[in-house]
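Residue numbers (this note's numbering), protein chains in the order written: chain H, 1 to 115; chain E, 1 to 109. Even for Gly, the Cβ is constructed at its ideal location relative to N, Cα and C.
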């Protein structure tokens, strides 16, 4: 079964450093997402991406965050000047259609710890 | 008002029990509804979509009441492997999935 892959699986970074989380969505998918889940909290939407641009973003996705699809396969989330409260599991997801009922597939996540 | 609300549990049940989870959502424009399962520190995985007429997949039955903005999941004959957090998820066309905080189920032998 095709899958969304994410790297790294776990990263520890010092406060103030920049972090790039990488994702390879399923190859024929067109819509890409980043979600995050702080330990013990719910899964929260960050941003969606289609046709090389952001299609929707949440209040969480402020100027500290950016996304990019640099080469047609990778989809990255950059977090500038990380803060302690950025510690969370970050999930990448993709789907092939915008239709409401269409299945979205999640990667296994990148666990970010900011110290 | 929270967009998707669930009883957090935990629900502790013996093997073989029947257990039901409830969920309410606030946005009446929501069009699609799902139950996801999440194991500890793992990604959410789709358990089943929820259709207006109700639907069943083996031991799992999902119901939707649009008028009450209420979704349910029934698990029959619980197995140890059903222990997980069950996430209620809603969606409008073209927008992001909105997750509830989840209901934790623990099935014991």
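query, result
"With 16 other Cβ atoms within 10 Å as the buried cut-off, status of residue 57 (chain E)", "exposed"
"Interface flag, residue 43 (chain H) vs chain E, CB-CB below 8 Å", "yes"
"Environment of residue 21 (chain H) [buried if 16+ CB atoms lie within 10 Å]", "buried"
"Residue 29 (chain H) - partner residues in DSSP beta bridges", "In DSSP, residue 29 (chain H) forms no bridge with anything."
"Neighbour list for residue 127 (chain H) in chain E, Cβ cutoff strictly below 9 Å", "One cannot answer for residue 127 (chain H) here, as it falls past the ends of chain H, which runs 1 to 115."
"Cutoff 8 Å: residue 60 (chain E) Cβ touching any chain H Cβ", "no"
"Buried or exposed (CB count within 10 angstroms, at least 16 for buried), residue 115 (chain H)", "exposed"
"Rounded separation between residue 71 (chain E) and residue 49 (chain E) - CA only", "11 Å"
"Any chain H beta carbon closer than 8 Å to residue 104 (chain E)", "no"
"Residue-level contact to chain E via CB, residue 87 (chain H), 8 Å cutoff", "no"
"Minimum C-alpha distance to residue 34 (chain E) - residue among E:14, E:4, E:11 and E:13", "E:4"
"Short CB-CB distance (under 8 Å) between residue 101 (chain E) and chain H", "yes"
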